Amino acid sequence: MLPLDINLPLGWSIISYPKSDEVDAATVVQPLVTNGKLIKVQDEAGNSYENWGMFGGWVNNIGNFKPGEGYKVKVNANTQLTISENYAKSAVIAVTAEKTGHFKPVYKGKGVDHMNINIVDIPTLIIEAGDEISAYDGNLCVGAIKVTEQQIKDNRIPLVVSSIDFKGDNGFARGNKFELGLWKKSSNTDYSLVFELIEGEDKFEKHASRFIRVTGLIKGANENVFASETEESQNDTEEKTNELLYSETQAISQPEADFAEYPETYFKCYPNPLTDDVTIEFFLPADGHVNLSIYSSTGQLIRSITDGHEAIGTKQYIWKRNNQAGQKVPSGIYLCKLKVNNQSFDRKLIVR
């Protein structure tokens with residue numbers, strides 16, 4: 029019979045959803061948010077409803093509560109949740125995560141005793157839609173996600189990882205450190221992600237949440253995530269040669285060579301085609317002289333945007349579709365040329 033009052037003691041409880049129709053999870057637990065008692069909700073697959081703070085407030089990655097399914101609820105004090113008989117028709121459609129093709133987690137089904145690794149402040153020079161991110165404990169992949177356009181737009185990515193169960197070796201072990209991998213769809217290349225912790229430790233904990241920000245990537249460091257025992261010694265040797273390709277805080281090894289090999293990671297122009305302004309964004313992997321200019325398709329200099337010494341880091345400039353005199357240029361094909369020390373990189377711009 030509804031309404032149904034469910035007593036929730038301090039800490040975690042498991043509840044079932046008794047209604048016959050789906051309802052937005054946020055709507056059902058809103059009274060717990062209002063009274064300040066809710067900490068977190070997880071569904072059977074580990075998707076969460078929790079407070080992302082300045083990165084979105086309360087974020088619903090569960091979608092709808094579904095008939096017959098169980099949910100874990102954590103509260104900070106003894107309280108009560110009332111399941112009402114009537115709710116407004118659910119406007120939330122639970123989005124089924126697209127299955128990863130490159131990373132293959134070691135667990136089957138939905139997993140157990142999950143942890144949430146919440147990635148915020150997404151660096152779009154590193155992570156793009158279609159890429160895959162993994163978490164691993166040693167050489168066990170314990171969770172993975174394919175990045176979507178919406179996640180890039182929202183500036184947050186929810187990565188769920190699963191704990192070991194009674195079978196063992198099919199999830200993370202509590203207290204072990206976690207590492208993150210990235211597979212770039214555009215180049216079919218594996219990287220290890222460098223990150224900083226915003227909240228929590230870099231260790232696995234059942235039902236916990238970790239908030240992190242990605243600050244760099246290292247080529248090839250996670251290529252042994254699914255390696256067999258016979259491959260491990262070879263990969264251990266190869267790992268010693270891994271090079272930091274991108275970092276917001278550290279010097280970069282062999283910067284010019286890395287930039288030349290992976291220019292798509294560092295140098296972007298958007299929108300393209302363009303009708304008005306275009307944003308030119310690039311990462312400078314070391315201090316150096318930078319010249320950024322726009323040329324016509326015949327090689328004539330149209331506008332010099334910057335020419336001088338720049339420090340390491342991400343740079344962003346705007347070309348307002350104008351020449352050196354400030355006049356609008358006609359439609360056509362133009363060339364955005366970036367010179368970094370002795371290296372030169374081009375991007376074709378289509379002006380409509």
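Per the numbering used here, the sequence shown starts with residue 29, numbered consecutively. We put the beta carbon where it would ideally sit given N, CA and C, even for glycine. Predicted model, so just to flag it, every value in this text is computed and none were measured.
- With contact defined as three or more Cβ pairs closer than 8 Å, the region 139-157 and the region 104-115 are not in contact.
- Counting along the chain, P59 sits inside the alpha helix (DSSP H) bounded by residues 53-62.
- Counted as a single uninterrupted DSSP element, the beta strand (DSSP E) harbouring D335 occupies residues 329-338.
- Under the 10 Å beta carbon count, F206 is surrounded by 16 or more other beta carbons and is classified as buried.
- When the five nearest sequence neighbours on each side are left out, the beta carbons in the same chain lying within less than 6 Å of the beta carbon of T128 are those of E160, A172, K174, in order along the chain.
- In the structure shown, K247 adopts extended strand secondary structure according to DSSP, grouped into three states.
- By the neighbour-count criterion, in which 16 or more other beta carbons inside 10 Å mark a residue as buried, K212 falls on the buried side.
- Within the region 162-201, the beta strand (DSSP E) runs of at least 3 residues that lie entirely inside it are, in chain order, 168-174, 184-189.
- Residues of the same chain with a CB within less than 6 Å of the CB of I42, apart from the 5 flanking positions on each side, are G98, K100 in chain order.
- The shortest C-alpha to C-alpha distance from C364 to any of S214, K356, R349, N370 is the one to R349.
- By the Cβ-count criterion, A53 is buried, with 16 or more other Cβ atoms from all chains shown falling within 10 Å of its own Cβ.
- Secondary structure note for I308: its beta strand (DSSP E) is the uninterrupted segment 306-312.
- The beta carbon of I333 lies closer than 8 Å to those of I308, L320, S321, I322, Y345, W347 in the same chain, with the five residues before and after it left out.
- Taking the CA atoms as reference points, T176 sits about 16 Å from F131.
- A Cβ-Cβ distance of about 29 Å is found for the pair K356 and L312, leaving them out of contact under the 8 Å criterion.
- Between Q179 and A125, the alpha-carbon positions lie close to 11 Å from each other.
- The DSSP-derived three-state label of G316 is strand.
- Y298 is classed as exposed because its beta carbon has fewer than 16 other beta carbons within 10 Å across all chains shown.
- The C-beta distance from A236 to M143 rounds to 5 Å, short enough to meet the 8 Å contact threshold.
- In the three-state reduction of the DSSP assignment, M143 falls in the strand class.
- Under a 10 Å Cβ-count criterion, R184 is classified as buried, with 16 or more other Cβ atoms of the shown protein chains found around its own Cβ.
- Following the DSSP letters along the chain, one finds I361 inside the beta strand (DSSP E) bounded by residues 360-368.
- Going by DSSP, V357 is part of no beta strand (DSSP E) at all; its letter is neither H nor E.
- Restricting attention to L366, D335, L60, G354, the CA atom closest to the CA of F310 is found in L366.
- Per the C-alpha coordinates, the member of N167, K47, V188, I155 positioned closest to Y77 is V188.
- Taking 8 Å as the cut-off, the beta carbon of A314 is found closer than this to the beta carbon of I340.
- For G341, the enclosing beta strand (DSSP E) begins and ends at 341-347.
- If you ignore the 5 residues before and after N79, its C-beta comes within less than 6 Å of the C-beta of W86, all in its own chain and listed in chain order.
- Per DSSP, the unbroken beta strand (DSSP E) holding V222 starts and ends at 217-227.
- Secondary structure at F83: helix, using DSSP grouped into helix, strand and coil.
- Residue pairing of L153 in beta bridges, as defined by DSSP: absent, with no partner found.
- Taking the Cβ atoms as the reference, F93 lies roughly 4 Å from Y45, within the contact range of under 8 Å.
- In the assembly as shown, L60 is a buried residue. Its beta-carbon has 16 or more other beta-carbons within 10 Å.
- Collapsing the DSSP output to three states places G98 in a strand.
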